[in-house]
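Numbering (the working numbering), first residue to last: 639 to 782.
Only one structure is covered here, and it is reproduced in the block below.
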């Protein structure tokens, strides 16, 4: 199962992909400029994942990041705080794949200062991220 939203030229819906076909692996790809619509799609999709109340591993693949909107950042931060307890209970491992090695370095540095509430890694290599995630699923004994 997966959900997908595609961006039109007016920015009505963003390119955000949620793949659950390899559950308990949750693969999320952001392939375009973020917006209020993509944030809502992401939040609604994650709420459905969290409603399962099952352990899972998440790979966040950020192909492109072009959002400097303070409102977007604030809204995402507020939502993350709201779901942090539930997310920490069920998300057992998180891998973030940023769009560049420089972005990867910045994220890794931020996580040294403010650790994620779940075990996590950052890499600019998607294959490496998926391998880490699948290894962690196996190590934890998570089942579909």
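Glycine included, every Cβ here is placed at the ideal spot set by N, Cα and C.
Using a Cβ-Cβ cutoff of less than 6 angstroms, which residues in the same chain neighbour residue 700 once the five nearest sequence positions on both sides are dropped?
668, 736, 737
Identify the continuous beta strand (DSSP E) that holds residue 696 and give its terminal residues.
694 to 700
Is the beta carbon of residue 774 closer than 7 angstroms to that of residue 695?
yes
Which residue comes first and which comes last in the beta strand (DSSP E) that contains residue 758?
758 to 760
How long is the line joining the alpha carbons of residue 748 and residue 756, rounded to whole angstroms?
14 angstroms
Alpha carbons only, please: which of 662, 674, 713, 663 is nearest the one belonging to residue 654?
674
Entirely enclosed beta strand (DSSP E) segments - the stretch 667 to 691, minimum 3 residues:
none
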